[in-house]
Amino acid sequence: MAYFFEEPSHTFNEYLLVPGYSSAQCQPKNVSLKTPLVKFKKGEEPALSLNIPLVSAIMQSVSNDTMAIALAREGGVSFIYGSQTVEAQAEMVRKVKNYKAGFVPSDSNIAPDQTLQDVIALKEKTGHSTMAVTEDGTPNGKLVGIVTGRDYRISRMSLDTKVSEFMTPFEKLITAKSGVSLKEANDIIWDNKLNALPIIDDQQKLEYFVFRKDYESRKSNPNELLDDSKRYVVGAGINTRDYATRVPALVEAGADVLCIDSSEGFSEWQKLTIEWIREHYGDSVKVGAGNVVDAEGFRFLAECGADFVKIGIGGGSICITREQKGIGRGQATATIEVAKARDEYFKETGIYVPICSDGGIVHDYHMTLALAMGSDFIMLGRYFSRFDESPTNKVNINGQYMKEYWGEGSARARNWQRYDLGGDAKLSFEEGVDSYVPYAGPLKDNVGLTLAKIKSTMCNCGALTIPELQQKAKITLVSSTSIVEGGAHDVVLKDSTPSHNQ
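Now the structure itself:
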């Protein structure tokens, strides 16, 4: 006979934290959000930790090299999406590991025979006013000039004016040669009152830009997550089909941690994948597994040797697995049960296997709830997809800027490996949708605000670390009417700029 759970499963939206005693030390500036990323033995330190408990989802519309650099700069990790060729994914990982802080590859490039109309369109797409003019319009072509907002006036010029007619030509530019240090580049910028300094090689080919505006931001990243060689930490997603090819390429490219990307991880396929990695690399390659929603699933993956376990089936904003297949569980209930299983496993074995809540986050306070319920860190898709650094297009929909966002199980992504149960190599039916999310601006500003909320709430609970929050938190279920009571009610709100929740 089928097993029936006695209690209904709940979402984060059905819970609130009850404040606890806050000492004078409970100030946001004293809060540490450091948390383990991979398993470790009692009394030892984990090989990898996060400085903030946020990682970006293994999705085409979320995690590329640009997102990985931006998130590592703030203290988190991106898992580069695996639904692409092995070579393309490894190249993204390589770009992150080879990234030189302060040296920015040009992502706004134009050819001299293009027009003012093209400049306007490119600025609309990227939001950048400084554009490199290269002979072939590529990021690393021969630099022949630069276009900034000071070089043209839309009201006074024809839209078909050639870029070569109004750009600042190379002869008038101040540049630096490859090999220049960041300090030297910044000195050139300040001495010559520049906003941007192109870095070129001996053939005049563009390599990077160094921007004046980045100088202060580089000084204000105390949480940046670096490896032993002072390079940014980056993760990558793998599947249970081509791991024998993909894993070696990602390891060679420098990936710090891998994660099996699957909608449902309680399977022999994940066991075989982990066994292959352990056979060929031992414990030197770190790999997370999932997703699961109960204690039995966690125990299985922990015993298989997973370095962390992801929780969540069907709770993502673009995921329709529950309505398509009828499988899943409320994210809060799943997190609570798996956290208990993790603690029991630690008590039995002395091995702490971190857990990651993946999905079900709507508001920022849901992140704090997930941490309080036992999650060590949180994987987010929609949250990060709204930012400048996500790989999707920014579009204007009915006067509002939006970013495209689609699920890995959608017809657009067709990531059949994520939903693979053996058999034909195809996506038999959709388990995700194609959508838009409100554009929210730069990652740094938004993540900073989210972390401020988390730290403030932790102080309300009398906690200065995530483990302390998990020990001290008092959590209550709430009724539907108290949820209504928790928002603005019985007033007429004045018009204001809409804020974008997670």
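Residue numbers for the sequence shown, in the numbering used here: 348 to 849. All residues carry an ideal CB built from backbone N, CA and C; glycine is no exception.
Legend entry - Inter-stretch contact (C-beta, 8 Å, three-pair minimum) for the segment 677-691 and the segment 710-721: Judged by Cβ distances under 8 Å, the segment 677-691 makes contact with the segment 710-721, as three or more pairs qualify.
Inset, instruction - Taking Cys-296 and Gly-635 to be in contact with their CB atoms under 8 Å, please state how far apart those CB atoms are, rounded to whole angstroms. - result: No statement about residue 296 is possible, as the shown extent of the chain runs from 348 to 849 and does not include it.
Legend entry - For Thr-432, three-class secondary structure by DSSP: Numbered from its first residue, the sequence shown carries residue 432 at position 85. Coil at Thr-432, not helix or strand.
Inset, instruction - Just confirm the distance between the C-beta atoms of Asn-570 and Asn-360, as a whole number of angstroms; I'd bet it's less than 8 Å. - result: In the sequence shown, residue 570 corresponds to position 223, counting from 1. In the sequence shown, residue 360 corresponds to position 13, counting from 1. 29 Å between Cβ atoms; not a contact.
Legend entry - Same chain, Cβ closer than 6 Å to Val-794, neighbours up to 5 away in sequence not counted: If you number the sequence shown from 1, residue 794 lands on position 447. The residues are Glu-421.
Legend entry - Neighbourhood of Ala-602 by C-beta, 7 Å cutoff - its chain only, sequence neighbours within 5 removed: Taking the first residue of the sequence shown as position 1, residue 602 is located at position 255. Answer for Ala-602: Val-440, Val-581, Gly-582 and Ala-583, listed in chain order.
Legend entry - Lys-524, DSSP secondary structure in three states: Residue 524 sits at position 177 when you count from the first residue of the sequence shown. It is a strand residue.
Inset, instruction - Can you tell me the Cβ-Cβ gap for Glu-736 and Thr-413, rounded? I've got them flagged as a contact below 8 Å. - result: Position 389 of the sequence shown holds residue 736. Position 66 of the sequence shown holds residue 413. So it is a contact: roughly 5 Å between Cβ atoms.
Legend entry - Start-to-end residues for the beta strand (DSSP E) that takes in Met-805: As a working note, residue 805 is residue 458 in the sequence shown. Judged by DSSP secondary structure, Met-805 falls outside any beta strand (DSSP E) and instead within the alpha helix (DSSP H) spanning 790-807.
Legend entry - Which residues DSSP lists as bridging Ile-813, in chain order: Reading the sequence shown from its first residue, position 466 is the one you call residue 813. According to DSSP, Ile-813 bridges with nothing at all.
Inset, instruction - Using only alpha-carbon positions, find the residue among Tyr-579, Arg-578 and Leu-544 that is nearest to Tyr-562. - result: For the purposes of this step, residue 562 is taken as the residue at position 215 of the sequence shown. Nearest C-alpha to Tyr-562: Leu-544.
Legend entry - Three-way DSSP call (helix, strand, coil) for Cys-373 in this model: As a first step, residue 373 is located in the sequence shown; it is residue number 26 there, counting from the start. Cys-373 falls in the coil class under three-state DSSP.
Legend entry - Nearest residue (CA-CA) to Ala-649, options Tyr-628, Lys-672 and Ala-686: Position 302 of the sequence shown, counted from the first residue, corresponds to residue 649. Proximity to Ala-649 across Tyr-628, Lys-672 and Ala-686 peaks at Ala-686, based on C-alpha coordinates.
Inset, instruction - Just list the alpha helix (DSSP H) runs in the segment 519-586, keeping only unbroken ones of 4 residues or longer that don't cross its boundaries, in chain order. - result: Counting only runs of 4 or more, we get 529-538 and 561-566.
Legend entry - Residues near Ser-403 in its chain [Cβ-Cβ closer than 8 Å; skip 5 each side]: In the sequence shown, residue 403 corresponds to position 56, counting from 1. Val-409, Ser-410, Met-414, Ala-415, Leu-418, Gly-423, Val-424, Ser-425, Phe-426, Met-726, Leu-727, Gly-728 and Phe-731, listed in sequence order.
Legend entry - For Ile-698: DSSP bridge partner residues: Numbered from its first residue, the sequence shown carries residue 698 at position 351. Bridge partners of Ile-698: Lys-388.
Legend entry - With 16 other Cβ atoms within 10 Å as the buried cut-off, status of Ala-799: Here residue 799 corresponds to residue number 452 of the sequence shown, with the count starting at 1. In the assembly as shown, Ala-799 is an exposed residue. Its beta-carbon has fewer than 16 other beta-carbons within 10 Å.
Inset, instruction - Return the chain-ordered ranges of every beta strand (DSSP E) run that is complete within the segment 450-490 and spans a minimum of 3 residues. - result: 478-481
Inset, instruction - Decide if Tyr-555 is buried, meaning its Cβ has at least 16 other Cβ atoms within 10 Å, or exposed. - result: Your numbering for residue 555 matches position 208 in the sequence shown. Buried.
Inset, instruction - Over the uninterrupted beta strand (DSSP E) stretch that includes Tyr-730, give me the two end residues. - result: Translated into the one-based positions of the sequence shown, residue 730 becomes position 383. That residue, Tyr-730, is in no beta strand (DSSP E); its alpha helix (DSSP H) goes 729-732.
Legend entry - Enclosing beta strand (DSSP E) for Asp-603 [first to last residue]: Position 256 of the sequence shown, counted from the first residue, corresponds to residue 603. Premise fails: Asp-603 is in no beta strand (DSSP E) and is neither H nor E.
Inset, instruction - Out of Gly-788, Pro-383 and Glu-471, point me to the one whose CA is closest to Ile-813's CA. - result: Sequence index remark: in the sequence shown, residue 813 carries index 466 (1-based). Nearest of Gly-788, Pro-383 and Glu-471 to Ile-813, Cα basis: Pro-383.
Inset, instruction - Measure the CB-CB distance between Tyr-499 and Phe-513 and report whether it falls below 8 Å. - result: In the sequence shown, residue 499 corresponds to position 152, counting from 1. In the sequence shown, residue 513 corresponds to position 166, counting from 1. In this structure, Phe-513 lies closer than 8 Å to Tyr-499 by Cβ.
Inset, instruction - Output the distance between the C-alpha atoms of Tyr-712 and Phe-352, rounded to the nearest integer angstrom. - result: One-based indexing of the sequence shown puts residue 712 at position 365. One-based indexing of the sequence shown puts residue 352 at position 5. If you take the alpha carbons of Tyr-712 and Phe-352, they lie about 27 Å apart.
Inset, instruction - Identify whether Phe-776 lies in helix, strand or coil by the three-state DSSP scheme. - result: Numbered from 1 along the sequence shown, position 429 holds the residue referred to as residue 776. Summary for Phe-776: the model assigns pLDDT 49, below 50, so the residue's position carries little reliability; its value from the coordinates is reported in the next sentence. In the structure shown, Phe-776 sits in coil (DSSP, three-state: anything other than H, G, I, E or B).
Inset, instruction - Would you decide whether Ile-708 is buried or exposed? Buried here means 16 or more other CB atoms lie within 10 Å of its CB. - result: Taking the sequence shown and counting its residues from 1, one reaches residue 708 at position 361. So Ile-708 ends up on the buried side.
Inset, instruction - Could you tell me how far apart the beta carbons of Pro-785 and Gln-747 are, in whole angstroms, since I believe they sit closer than 8 Å? - result: Position 438 of the sequence shown, counted from the start, is the residue given in the question as residue 785. Position 400 of the sequence shown, counted from the start, is the residue given in the question as residue 747. Yes, they are in contact, since the Cβ atoms of Pro-785 and Gln-747 sit about 7 Å apart, within 8 Å.
Legend entry - Own chain partners of Cys-373 with C-beta closer than 7 Å, once the 5 adjacent residues on each side are dropped: Indexing the sequence shown from 1 puts residue 373 at position 26. Here the set comprises Cys-806, Gly-809 and Leu-811.
Inset, instruction - Kindly list the residues whose CB is nearer than 6 Å to the CB of Ala-371, restricted to its own chain and excluding five residues on each side of it in sequence; keep chain order. - result: The residue you call residue 371 lines up with position 24 of the sequence shown. Cβ within range, chain order: n/a, list empty.
Inset, instruction - Within the same chain, show all residues whose beta-carbon is closer than 8 Å to that of Gln-849, passing over the 5 residues directly before and after it, in chain order. - result: The residue you call residue 849 lines up with position 502 of the sequence shown. Reliability fails at Gln-849, whose pLDDT of 47 lies under 50, so the model's placement of it is uncertain and the value that follows must be treated cautiously. These residues qualify, in order along the chain: Ile-708, Val-709, His-710, Asp-711, His-713, Met-714, Leu-727, Arg-729, Tyr-730 and Thr-797.
Legend entry - Three-state secondary structure (DSSP) of Val-838: Translated into the one-based positions of the sequence shown, residue 838 becomes position 491. Of the three classes helix, strand and coil, the one that applies to Val-838 here is coil, per DSSP.
Inset, instruction - Using the Cα positions of Ala-596 and Gly-429, report the straight-line distance between them to the nearest angstrom. - result: As a position in the sequence shown, residue 596 is number 249, starting the count at 1. As a position in the sequence shown, residue 429 is number 82, starting the count at 1. Approximately 12 Å between the Cα atoms of the pair.
Legend entry - Rounded C-alpha distance that separates Asn-456 from Ala-820: Residue numbering aside, residue 456 sits at position 109 when the sequence shown is read from its first letter. Residue numbering aside, residue 820 sits at position 473 when the sequence shown is read from its first letter. Their Cα atoms are separated by approximately 51 Å.
Legend entry - Environment of Asp-311 [buried if 16+ CB atoms lie within 10 Å]: The displayed coordinates of the chain run from 348 to 849. Any statement about residue 311 would go beyond what the structure contains.
Inset, instruction - Please state whether DSSP places Ser-846 in a helix, a strand or coil. - result: In the sequence shown, counting from the first residue as 1, residue 846 sits at position 499. Note that Ser-846 scores a pLDDT of 48, beneath 50, so its modelled location is shaky; the value from the coordinates is reported in the next line. Correct three-state label for Ser-846: coil.
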